[in-house]
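Accompanying notes for the structure given below.
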Amino acid sequence: MEMLLSTKGITICLLFFVLSLAAAIEIPLSVAQLPTITEQSHTQVAYPFDEDFTIKCEARGNPQPIFNWTKDGKPFDLLSDPRIVSSNNSGTFVIQNRGIITNFQGKYRCFASNVLGTAMSEEIELIVPSVPKFPKEKIEPLDVEHGDSVILHCNPPKGIPPLHIYWMNIDLQHIPQDERVSMSLKGDLYFANVEENDSRSDYCCFAAFPRLRTIVQKMPMTLKVSRFKHANDSGSPNAAVTKANFIKERKPKLLIPPESAGSSSSVTVIKGGVLLLECIAEGLPTPHLSWVKVTGNLPKDEPETENFGKILKIDQVTAADEGTYQCTASNPMGRAKHEFHVHVEEPPRWIKEPEGGVYSIGTNLVLLCEAIGNPEPTIQWKLNGMPIDIWVLPGRTFRGRISAREISLTNLQLQDSAVYQCEASNKHGTILASANVNVLNIAPLILTSDGENYATVVGYSAFLHCEIFASPAADIRWTKDDSIEPLSTLRYELNKNGTLEIKETKKEDSGSYACWAANSVGKRAITANLDIRDATKLVVTPKNPRVLKSHSILLKCQSEYDSHLKHSFKLSWRKDGDELPVNSTEDGRIILDRDTLFISSVALEDQGVYTCAASTSLDSVTAESQLIVLDVPDPPEDLQLSENQNRSVRLSWKAGASHNSPINESIIEFEENRWEPGRWQELTRAPGNDTTALLSLAPYMNYQFRVLSVNAVGRSQPSKPSLRYATPPAAPDKNPENIRVEASEPDEMVMKWEPLKPVERNGPGLEYKVSWRQRGVEVDWNEETVKKHSLTLRNTPTFVPYEIKVQAVNNLGSGPEPNVTIGYSGEDVPDAAPSGVSVDIVNSTLVKVFWFGIPRDRVRGHLRGYKVSWWKTKSMLDGKRHHPEKHFLTFVGDRNYGMIPGLEPFSEFRLTVLAYNARGDGPESSPVVFETPEGVPEQPRFLRILNFDKDSVTLSWGLPKKANGHLTGYILQYQIINETHEIGPLNDVSVTNRSTLSWRLSGLRSSTKYKFYVKACTVKGCGKPVTEEGLTMAQGSKGIGKISEAVNPTQKFHPIEALEPGTEYTVRLVTKNWVDNNSIFEDVIETRGRAYAGIYDGISTQGWFIGLMCAIALLTLLLLTICFVRRNKGGKYSVKEKEDLHPDPEAQSIKDEIFGEYSDSDEKPLKGSLQSINGDIKATESADSLVDYGEGEHGMFNEDGSFIGAYSGSKEKGSVESTGSSTATFPLHA
């Protein structure tokens, strides 16, 4: 059996000592012993509504006690009345409530006796109350005069207290009471003086007995008050017949206490009770009552008065309340006094009660009995319920010595066993104390069961019980396992009741233990087994987390415990000591799942110490984690303004709760209702925990302030606004800033400035005094005052400097002396063209232009830069003239050269240069003619594979789109490719005849995939190749080839040439930009053989052919619509991106030198860019990027839509074909 052990031990010495069993442990019932009263009734009331009344008396003893009763000191036989029901082996009896039971009233005492002695109970009083009733009587009416004193007597019947008395009328309305009319403690109604409205015939006294559930009423009483009997008893000739003449004014007279009691009286009160002193007086005018303590110390608290000052009440009376108290009744006619001599007494109270116990033969005994009280109580000793005086008579066996407060016996023997009673009495009560003296001589009795199994955990104390009863006292020792040596280390301690405590247990403490007890009569022994388990361990993670409000937290309770204790292992969670239920919140924010505690949307009230508590049958352990909730501070409070000055005020506030994150700073905001009502602006910040700040203010403002606190979490809500604070007006402190000159016409000058903010105006009537003069020409200042923040001057010279000042002025004065700003009057376009324009050819697409700038005085404004314009006049290849299509580049700043990229090779151009300013462009220079040299050609238009054989193939290609010079021939290349992206060596074939557009390659491998390249060449080199792939035939099979051609979206049909007669082809129309490359149209056709050509001569007239063509036209229209949408959604096309992908080797080195020097003034995006399937921009052959030749405000240039058509190189298959405005072409793949 496992038993729960507690109290982790501390190391103290093992003590072997003799147990004193007197009053130490209860005597086992198996041992002969004196009777002991275990339960009894006290004062009891026999209420008439109860069915029966129980008088209890229970006792224990060996032999079983016999019970006897006395009533009022005389023997009482429980069998004397059939209404008494008793039971065997019990002194308790029940009185049934039948018939008249008043004869059962009295004081009862119970005696429990056996052969060893008699125990006696305290007196039990049974009260049998009678039903209270007022006597039937005829009460004569009272007829009195106005002003007389009257007493209406209640004389309530006797009953069980408490008694409550009420004076009411026949309608059960309370009679109003005050200083004049009041009820005494006895229930009588006193009138200090009567008035006419006191007349009534239904004064009723009600007596309520709540314990009896009874209210009784006295017969109504009649009071008649007459105004007067005689007009004037004095006979004075000066007396007027008025109401005042008939009022019987008189000094006060005490009715309680009555005058017959004298000027003083004695009052006795029980200590701890309630003192009530009463004074009621009559007189006219109505007397006023006051109280004073004449002798003795004044009470600590002012005494309480009741009943309109007529009763002095002191609760919980102590000895300090003794003394003389005086009441005084006074009115204008005089006063009356009475003194109360208060004596505090108390019933008996024990100082020392006699104590019994178990004693061995030959020992000595002293019983003490002391009590105090007022009056001093008398002490009476009893032995076995009888006065001890009887036992000391001759022939009795009592051997002790008796005094008033002590009984002593020496050399106790078995026959000295008895019950001693001591009673202390005075007039306020009696108390009883009993002492059982048991003289025994028995061998040890071990009350703990033999073979008990105990268990505890490592580190806790183990308690092995060995409860013993013996007389004489027994010696106790403990041994472990087979050892006979008593346990004697510091970790073992023998408690007084025989229990062995093993402190801070270890695993090696497990084993079998034996308890040995021996005295002079005999000896006994028992065994006990002890198991040591592993202690339970807990860890809560995370430890003391800091969590932002509204975030979530998961607490995990990790536990380790002994496997033997798993069935009793329990986990629970507590917050701040209070256990958390499974569903801690109605909204489910806190979720408990055995060893986890999850809190979602953490609130401030979730902060606290969370404890994980684990318990087993042997131990319990807790682990804590303090959850700290972080939040923005609470708003500051109680904003106060002080130290009021014209330009400053001190603001103070009380900081709100910081919610576990210190306040770093406070933000002070202001709102003023003169200029921007309702708009809060930041004024200043106060560091740390400062709660006051001196605020610098502007004149002519009506401020109110608020404060926000800031911590690491964030800002608090704003505080409530402060009171408003108005500052007086003043002259401006500053002048306008950012003074500038703007002009739209050459003969005008517009002066502008930033107006003062409302907070800077400082007063009413704000204006601006503007002063100006032409620099170096005028001496005197021109002045004008305006209210707006600009001033326009007309008829000014073109672009001359002016000195300008702007000063702020209001009704209270002017601002400080303003600074002078230099501005220029309106500009005009330059009136001169650059000279000395020359061109250096860099390569076939790039030239460098030089010029001489125009004189500064001819600029007539701020020079913005130069514009270079150029246009193509003819091609050097065919000599054809071209319609002039102008292009231009802008070069920002005062410079004399620039690079012109993107030119067409082998062409003639004209070029001009002009200067420009903010007003516009100046005249152009005379055109300069230059020619670009030959360049490399663009791609051939197509490459087709014809007549595949197993070891040869025929290639056909088109002329390059632009030759860019005289063609010298073609380079044909091919190589083996496979599906793993590995390629074979590249083989070259040079075609020197520029008119050759097909070539047959032989010596190829059969059933092998090849990639073919063809590029055109001039004296400057070869251009970009056009490519195609194909697979040679296996032995005995036909060739398979693929032909791809680009189709313009505006085309309605497209011829496919160079097909073999009598051959089956698959024709597929796809869109290049579609990611999945799905077909728009696909069909299988077979070309006509030569022998059957005549069969199809009239095919164009067949109906099905016409329908097919119409279908193809509709599909093409759909394709155009899709392309148009895709084009409009496409991104901007950058020449720079083209250039980065495929740089022109001729221009690369030059670009490295001059990037970022040019810009285009039109700033239009380049048009016509399309994206490839994989999202990359398809590169063109041109390596020239206009973007990289710009410099200026945007660091780039753009051009009109025709530029790309003129200067982009050949596009790779599937790229955009651009001529003027861009149009997309779509390839056909076989």
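If you read the sequence shown in the numbering used here, its first letter stands for residue 411, the second for the next number, and so on.
Ideal placement from N, C-alpha and C gives every residue a C-beta, glycine not left out.
Between Val768 and Asn848, the C-beta spacing is below 9 Å. In the DSSP assignment, Arg1268 falls within the unbroken alpha helix (DSSP H) covering 1266-1269. Residue range 798-801 is occupied by the alpha helix (DSSP H) that includes Ile798. Around the beta carbon of Leu1256, 16 or more other beta carbons lie within 10 angstroms, which makes this residue buried. At the C-beta level, Gly783 and His748 stay beyond 9 Å of one another.
Around the CB of Glu989, fewer than 16 other CB atoms lie within 10 Å, so the residue is classed as exposed. Annotation for Ser531: no beta strand (DSSP E) segment contains it, and DSSP assigns it neither H nor E.
Counting other Cβ atoms within 10 Å of its Cβ, Cys1520 stays below 16 and is therefore classed as exposed. If you look at Glu1152, you'll find it in the beta strand (DSSP E) that goes 1147-1152. In the structure shown, the three-state DSSP call for Met631 is strand.
Under the three-state reduction of DSSP, Glu1015 is assigned to helix.
Using a 10 angstroms sphere on the CB of His1069, the tally of other CB atoms reaches 16 or more, which defines it as buried. For the 9 Å CB-CB criterion, Gln454 and Leu536 form a contact. Straight across, the Cα-Cα distance linking Asp1331 with Gly1233 is about 22 Å. Under the three-state reduction of DSSP, Gln825 is assigned to helix.
Asp1048 sits in a strand when the DSSP states are folded into three classes. For the 9 Å CB-CB criterion, Trp888 and Leu874 form a contact. Collapsing the DSSP output to three states places His838 in coil.
DSSP places Leu1407 outside both helix and strand once states are collapsed to three, so it counts as coil. Around the CB of Phe1316, 16 or more other CB atoms lie within 10 Å, so the residue is classed as buried. For Pro1240, there is no enclosing beta strand (DSSP E), as DSSP marks it with neither H nor E. Between Gly1271 and Ala1328, the C-beta spacing is below 9 Å. Secondary structure of Leu622 (DSSP, three-state): coil. Judged by DSSP in its simplified three-state form, Glu1439 adopts strand. The beta carbon of Lys1064 lies closer than 8 Å to those of Pro1046, Glu1047, Asp1048, Thr1101 in the same chain, with the five residues before and after it left out.
Apart from the 5 residues on each side of it in sequence, Arg1185 sits with its Cβ closer than 7 Å to the Cβ of Pro1211, Tyr1212, Glu1213, Ile1232 in its chain, given in chain order. In the structure shown, Met1111 falls within a coil segment according to DSSP collapsed to helix, strand and coil. The alpha-carbon of Val1216 is positioned some 28 Å away from that of Gln1091.
DSSP places Gly733 in the uninterrupted beta strand (DSSP E) bounded by 733-741. With contacts defined by Cβ atoms closer than 9 Å, Trp1163 and Glu1188 do not form a contacting pair. Contact between the stretch 1252-1266 and the stretch 1301-1311 is established, with three or more Cβ pairs separated by less than 8 Å. With contact defined as three or more Cβ pairs closer than 8 Å, the stretch 721-732 and the stretch 748-762 are in contact. Going by beta carbons, Cys832 and Pro785 fall outside the 9 Å limit. The stretch 1220-1230 makes contact with the stretch 1167-1174: 3 or more CB pairs, one atom from each, lie closer than 8 Å.
Distances from the CA of Ala834 to each of Gly1345, Ala1096, Cys779, Gln515 were compared; the closest alpha carbon is that of Cys779. Residues Arg1057, Ser1058, Val1059, Tyr1113, Thr1137 of the same chain have their beta carbon placed closer than 7 Å to that of Leu1107, with the five preceding and five following residues left out of the count.
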